[in-house]
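Q: Residue numbers (this note's numbering), protein chains in the order written: chain A, 1 to 415; chain B, 416 to 830. In this text, a Cβ means the ideal position worked out from N, Cα and C, and glycines have one as well.
Protein chains: 2
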Amino acid sequence: MAIRKIPGGVTAAKGFSASCCAAGIKYQGRKDMAMLCSSVPCTVAGTFTSNLVKAAPVIWDQEAVHSGSPAQAVVVNAGIANAATGKTGMDLCRATAEYTGQTLGIAPEAVLLGSTGVIGPQLPLEKLCTGISVMAGTLSDSLQAGTEASKAIMTTDTVHKEYAVSFELPPADGSVPVTVHLGGMSKGSGMIHPNMCTMLGYLTTDCAISPALLQKALSDVVPDTFNMISVDGDTSTNDTLLVLANGLAGNRPITAEDDSWLLFREALFSICRDLAVLMASDGEGATHLMEMRVCHADTKENARILARSVVSSSLVKAMVFGRDANCGRILCALGYAGPVFDPARLELFLTGEKDTLCFFRDGCVQDFDEEAAAAILAEKAVRFSCDLHMGDQEATAWGCDLTYDYVKINGDYRS
Amino acid sequence: MAIRKIPGGVTAAKGFSASCCAAGIKYQGRKDMAMLCSSVPCTVAGTFTSNLVKAAPVIWDQEAVHSGSPAQAVVVNAGIANAATGKTGMDLCRATAEYTGQTLGIAPEAVLLGSTGVIGPQLPLEKLCTGISVMAGTLSDSLQAGTEASKAIMTTDTVHKEYAVSFELPPADGSVPVTVHLGGMSKGSGMIHPNMCTMLGYLTTDCAISPALLQKALSDVVPDTFNMISVDGDTSTNDTLLVLANGLAGNRPITAEDDSWLLFREALFSICRDLAVLMASDGEGATHLMEMRVCHADTKENARILARSVVSSSLVKAMVFGRDANCGRILCALGYAGPVFDPARLELFLTGEKDTLCFFRDGCVQDFDEEAAAAILAEKAVRFSCDLHMGDQEATAWGCDLTYDYVKINGDYRS
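#1: Here's a check: name, in chain order, each residue in its chain whose Cβ is nearer than 7 Å to the Cβ of residue 612/B, leaving out the five neighbours to either side.
#2: Could you check whether residue 712/B and residue 627/B sit closer than 9 Å to each other, using their CB atoms as the reference points?
#3: Let me check understanding here. Comparing Cα to Cα, which of 207/A, 70/A and 315/A lies closest to residue 264/A?
#4: Short of 9 Å Cβ to Cβ, which residues in the segment 368 to 395 of chain A face chain B?
#5: Return the Cβ separation of residue 21/A and residue 31/A in integer angstroms, given the expectation that the two are a contact with Cβ distance under 8 Å.
#6: May I have the straight-line CA-CA distance separating residue 408/A from residue 694/B, to the nearest angstrom?
#7: Name, please, each residue of chain B whose Cβ falls closer than 9 Å to the Cβ of residue 85/A.
#8: How would you list, in chain order, the residues of chain A whose beta-carbon sits under 7 Å from the beta-carbon of residue 818/B?
#9: Nearest by alpha-carbon distance to residue 817/B: which of 778/B, 645/B, 686/B and 801/B is it?
#10: Which two residues bound the contiguous beta strand (DSSP E) that contains residue 4/A?
#11: Hey, out of 382/A, 338/A and 324/A, whose CA is closest to residue 352/A's CA?
#12: For the beta strand (DSSP E) that residue 457/B lies in, which residues bound it at each end?
#13: Would you verify that the beta carbon of residue 223/A is, or is not, closer than 9 Å to some beta carbon of chain B?
#14: In the DSSP assignment, find the unbroken alpha helix (DSSP H) run with residue 747/B in it and report its ends.
#15: Would the segment 747 to 755 of chain B count as touching the segment 717 to 735 of chain B if we require 3 or more Cβ pairs under 8 Å?
#16: Using 8 Å for Cβ pairs, my map puts residue 527/B next to residue 511/B. What's the rounded Cβ distance?
#17: Contact criterion: CB-CB distance below 9 Å. Does residue 812/B meet it with respect to chain A?
#18: Give me the Cα-Cα distance between residue 609/B and residue 634/B, rounded to the nearest whole angstrom.
#19: Could you tell me whether the Cβ of residue 751/B comes closer than 9 Å to any Cβ of chain A?
#20: Using DSSP bridges, identify the partner residues of residue 798/B.
#21: Would residue 81/A pass as a contact of residue 55/A if the rule is Cβ separation under 9 Å?
#22: What does residue 756/B touch in chain A if you count any residue whose Cβ is under 8 Å from its own?
#23: Would you mind stating whether residue 789/B and residue 739/B have Cβ atoms separated by less than 9 Å?
#24: Taking Cβ positions only, does residue 746/B come closer than 9 Å to chain A?
#25: If we require 4 or more residues per run, which alpha helix (DSSP H) segments fall completely within the segment 221 to 307 of chain A?
#26: Given a limit of 7 Å on CB to CB distance, which residues of the segment 700 to 732 of chain B reach chain A?
#27: Residues in the segment 523 to 542 of chain B with C-beta within 8 Å of chain A's C-beta atoms, listed in sequence order?
#28: Check the DSSP bridge columns for residue 184/A and list the partner residues they point to.
#29: Determine the closest residue to residue 453/B out of 485/B, 468/B, 472/B and 562/B, with distance taken between C-alpha atoms.
#30: Taking residue 61/A as the query, report the chain B residues whose CB atoms sit under 7 Å from its CB, ordered along the chain.
#31: Do you know offhand how far residue 755/B's Cα is from residue 51/A's?
#32: Around the Cβ of residue 793/B, are there at least 16 other Cβ atoms within 10 angstroms (buried) or fewer (exposed)?
#33: Give me the Cα-Cα distance between residue 345/A and residue 306/A, rounded to the nearest whole angstrom.
#34: Below 7 Å on C-beta distance, what does residue 360/A contact in chain B?
#35: Looking at chain B, is there any beta carbon in it that lies within less than 9 Å of the beta carbon of residue 234/A?
#36: Count the other C-beta atoms from every protein chain shown that fall within 10 angstroms of the C-beta of residue 392/A, then say buried if there are 16 or more, exposed otherwise.
The following block contains the structure:
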């Protein structure tokens, strides 16, 4: 029942193809549109930004997912977010979906849309349509096509983000287990803060699963994966995470919360966590991934709130950049987070590849080896943890350091 | 009934004296301790950090204020916060107050304490006591002494912060109105975020006022002044705002919420707002003060939440630093703040010394003059506002831009 990491991303699962093109929407000299397509209609589930100001493609996708009708293609552009664009922006979504549907020979309602980039400007429909025609003609189910698509949707990202796994499930017919594939890509580097997934993410699987259980699995894993990362505390207007399941693996369809569903959910968790951590470590300007684990909390939600508070703190983020073990800042960020705990019982740790140091215990900052701490803080991934000694719940959050380059990227450039 | 700005700070009111000294607690070559003293016992009111991890002097002052007994002196040090110091830190507070009381000939319970600086280390009692002896011997009621005290409590502040006002109240005897004075000093530059005042602030007045009405006036003005500023989203462990009233002005004591109380509260609001705005504009690394006014909100609290969300947004702060009118980020920060509003009815403005530009209206980002916007964003104070068209409530929040120097200050230096 093991989950294995396999090469590829959105085209790792059977029946999914991808393509991309340079449509010249805002960026010049690079690819800026991507298309995903399944050879057969898919069950779809999604989670979306909690921001009250929702981009037009978010509203389009929400309606599509809530309608329960199948989806078959996704069209994404980078450069312009199609947010704060009013009725014109919604009309453009419809026109884009209609053109895509016509080009691929599917219903407009089976086309999902995603946009990322600057808020405000209207998207140029003609360029979109030209791009869609090109992409429809170059769809490929190669792993490379998935990788190229994951690059085309980048904005300030410095690395493309894709993962895929496989696992075995009972077959629809016969007795030999079938291999199910689940892969995905995501983008996101700034305007990243836990509240729905703060990015664009597209997952594909050939698993046969009912719409309700697909959505439940996704809703179960998001709070501990994409919602546990922060780059800058800003929850985007465009966050969208979609999972498309086309059923081509030939497994006995998952229609109950049985062992097969639990395994599928575990695989989904694994992809979502890996993509989320990759986004945190590729936060705008980041030089370090930061991890904060809260254990022995009274409730799961309190553990999450405390862990997120630490990775969201500007002072903790600047301290990680400066490699300065000014651990009082972590304590401070736990203290203002909201959940009640007893500072006198709290223990706070820094864990490196070789050592673990205790920063705080018995109500006092401890004497620790400053050189050892500086060595750990020089590692690429900086891992803090605390033990509240209250209950049996835990949570982990991921973020990155606050650097000159974050300020440069967001001060100098209309991203 | 006018409130007049007058020179000075904590020694502007009758009967208050101040002093400071270089005790060498952490900083070298500068003054790092301050003392305030009243010639007679004072009514006292205070508000304190909401952080669960409270510094020892915060706990000491809270108990003193809640006891209702009079206060007569305040001793403050910069460099070490006496936070996360456990029982040792509390014992040190008692020893410091006892030594001060003995030196000044007052009860230890009449001595209030304040500390600011790095979290974790213990304060050196001997150095504190040496400093207290020096300061007790050099107390002065000159305006200069108040100014020097406001400089001695600075940490990463670049300017000292003091204000004073006077106003007339009915006399205790006779018919000629008496002049009442109210002054204050504060410090704060980093670890500044609205939730109680996120700083140290000390206000003095010669007004005769009951403890309950002094506290009520303070509690009334803090939510719209000190709690409406943010530098970095981090609510400190040490935030303390105290007001001491010694009654020496000779006014008819304020014992009801009458016109005199309303005038006193207005004067208190004016001092608190001016000190708060000065702290925001002196935020660590700041090159701009940022103001966000939310009007026609449905409730006062929603107006506050929305205004604070904008001045706290890293992306808005970086945009102000970069002088880039990327107004979608403001809309985004309003959208994730929590309160419900209708984006289609929202209007968003940028107001400079000469012009006001509309950024957003009718659900769309507007075409605005980019050059005019860049010129306004080059002004020292950048003022945004929005109209929700919902009700009659409004609030204003203040913050600053996010700059390379913020990262430098907090990455390079154990502040």
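A: Quick answer:
#1: Since pLDDT at residue 612/B reaches only 37, below the 50 mark, its modelled position is unreliable, and the value read off the structure follows with that caveat. In the same chain as residue 612/B, and ignoring 5 residues on each side of it, the C-beta atoms closer than 7 Å to its own belong to 462, 637, 641, 642, 654 and 656, in chain order.
#2: No, the Cβ-Cβ distance between residue 627/B and residue 712/B is not below 9 Å.
#3: It is 207/A.
#4: Residues passing the 9 Å Cβ filter: none.
#5: For a cut-off of 8 Å, the C-beta gap from residue 21/A to residue 31/A is around 6 Å, short enough to register as a contact.
#6: A direct Cα-to-Cα measurement between residue 408/A and residue 694/B gives close to 24 Å.
#7: Chain B residues near residue 85/A: 778, 779 and 780.
#8: Taking a Cβ-Cβ cut-off of 7 Å, the neighbours of residue 818/B in chain A comprise 407, given in sequence order.
#9: Comparing alpha-carbon positions, the option among 778/B, 645/B, 686/B and 801/B lying closest to residue 817/B turns out to be 645/B.
#10: Annotation for residue 4/A: the continuous beta strand (DSSP E) segment containing it runs 4 to 6.
#11: Ranking 382/A, 338/A and 324/A by Cα distance to residue 352/A puts 382/A first.
#12: Looking at the DSSP string, the run of the beta strand (DSSP E) that includes residue 457/B is 448 to 463.
#13: Answer no: the Cβ-Cβ gap between residue 223/A and chain B never drops below 9 Å.
#14: For residue 747/B, the uninterrupted alpha helix (DSSP H) segment begins and ends at 743 to 750.
#15: Counting Cβ pairs under 8 Å, three or more are found: they touch.
#16: Not really, about 11 Å apart at Cβ, beyond 8 Å.
#17: No, because no Cβ of chain A sits closer than 9 Å to the Cβ of residue 812/B.
#18: Annotation note: pLDDT 45 at residue 609/B (below 50); position unreliable, coordinate value reported separately. Their Cα atoms are separated by approximately 14 Å.
#19: For residue 751/B, the nearest beta carbon of chain A is closer than 9 Å to its own beta carbon.
#20: In the DSSP output, where bridge partners are listed per residue, residue 798/B has 706/B and 766/B.
#21: Judged by beta-carbon spacing, residue 55/A lies within the 9 Å limit of residue 81/A, meaning their Cβ atoms are closer than that value.
#22: Chain A residues near residue 756/B: 52.
#23: At the C-beta level, residue 789/B and residue 739/B come within 9 Å of one another.
#24: So yes, residue 746/B belongs to the interface.
#25: Within the segment 221 to 307 of chain A, the complete alpha helix (DSSP H) runs of at least 4 residues are 259 to 281.
#26: Hits within the stretch, in order: 728, 729 and 730.
#27: Within the segment 523 to 542 of chain B, 533, 534, 535 and 536 place their CB atoms closer than 8 Å to a CB of chain A, listed in sequence order.
#28: In DSSP, residue 184/A forms a bridge with 163/A and 203/A.
#29: Taking only the C-alpha atoms, the option nearest residue 453/B is 485/B.
#30: Within 7 Å Cβ-Cβ: nothing; residue 61/A doesn't reach chain B, min ~17 Å.
#31: Going by the C-alpha atoms only, they are around 10 Å apart.
#32: Classification of residue 793/B: exposed, given that the 10 Å Cβ count is below 16.
#33: Rounded to whole angstroms, the separation of the alpha carbons of residue 306/A and residue 345/A is 15 Å.
#34: Within chain B, the residues 499 have their CB atoms less than 7 Å from the CB of residue 360/A, given in chain order.
#35: Chain B contact via Cβ: present.
#36: Its Cβ having fewer than 16 others within 10 Å, residue 392/A is exposed.
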